[in-house]
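Numbering-wise, the sequence shown is residues 1 to 133 according to the UniProt record's numbering.
The beta carbon of each residue, even a glycine, is placed where N, CA and C say it ideally should be.
Just so we're clear, the structure is a prediction, and the values are computed from it rather than from any experiment.
Written below as structure tokens is the structure these notes are about.
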Amino acid sequence: MTPVYSEYILSVTKTTEAPQMAQKNRISETEWKQLLPQMASFAHITTDIGYSVLVKGEKSSDVATRVGRSKQNISSTVKRIWDLYQNTTLKAENGEPLKLVQVWIPASLAETVLKEAAKYSINNITTSEMEKK
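In structure tokens:
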């Protein structure tokens, strides 16, 4: 006899949309520079790993091979820096505090948000990029 729970899971899987690929965590060069003082006590290898994965976009497995560490070690190091980034207030050119917000909103509102975000160089958004979206 098949458990009811398994049948329920199968029916839910069949009726929901296909899962989207996970979004990779990225930090811009400008954001990284603002984050550096917060990482002053980190070992050089820690910041090297974080920079390679979060800023340059290298694969964790490639970085693990290069520095002679396990992929799990690389992932935990990157998570440590990403968590710090998520909880750090960065500043705009005028000194105004900025807050990172990642939410799903209607496309019509997204255009307005992107136009506002383009005013701040830390976002690296140009008007030509906004037209593509």
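Use the C-beta contact count for residue i: other C-beta atoms within 10 angstroms, 16 or more gives buried, fewer gives exposed.
i: Ser41; result: exposed
i: Val63; result: buried
i: Glu31; result: buried
i: Ile27; result: buried
i: Ile74; result: buried
i: residue 221; result: With the chain covering 1 to 133 only, the question about residue 221 has no answer from this structure.
Closer than 8 Å by C-beta to residue i: which residues in its own chain qualify, once you throw out the five before and the five after it? Chain order, please.
i: Val78; result: Asn25, Ile49, Gly50, Val53, Leu54 and Ser60
i: Gln38; result: Leu84 and Thr88
i: Gln86; result: Leu100
i: Glu58; result: Ser52
i: Glu36; result: Sequence check: residue 36 is Leu here, not Glu. Excluding positions up to five away in sequence, the list reads Thr47.
i: Glu29; result: Val55
For a test of the three-state rule: what should DSSP assign to residue i, helix, strand or coil?
i: Lys79; result: helix
i: Lys71; result: helix
i: Leu100; result: coil
i: Lys91; result: strand
i: Ile49; result: helix
i: Arg26; result: coil
I'd like to know whether the C-beta atoms of residue i and residue j end up nearer to each other than 7 Å.
i: Ala92; j: Leu98; result: yes
i: Gln34; j: Leu90; result: yes
i: Ala117; j: Ile105; result: no
Residues in its own chain within less than 6 Å of residue i by CB, not counting five upstream and five downstream?
i: residue 154; result: No answer is possible for residue 154: the residues shown for the chain start at 1 and end at 133.
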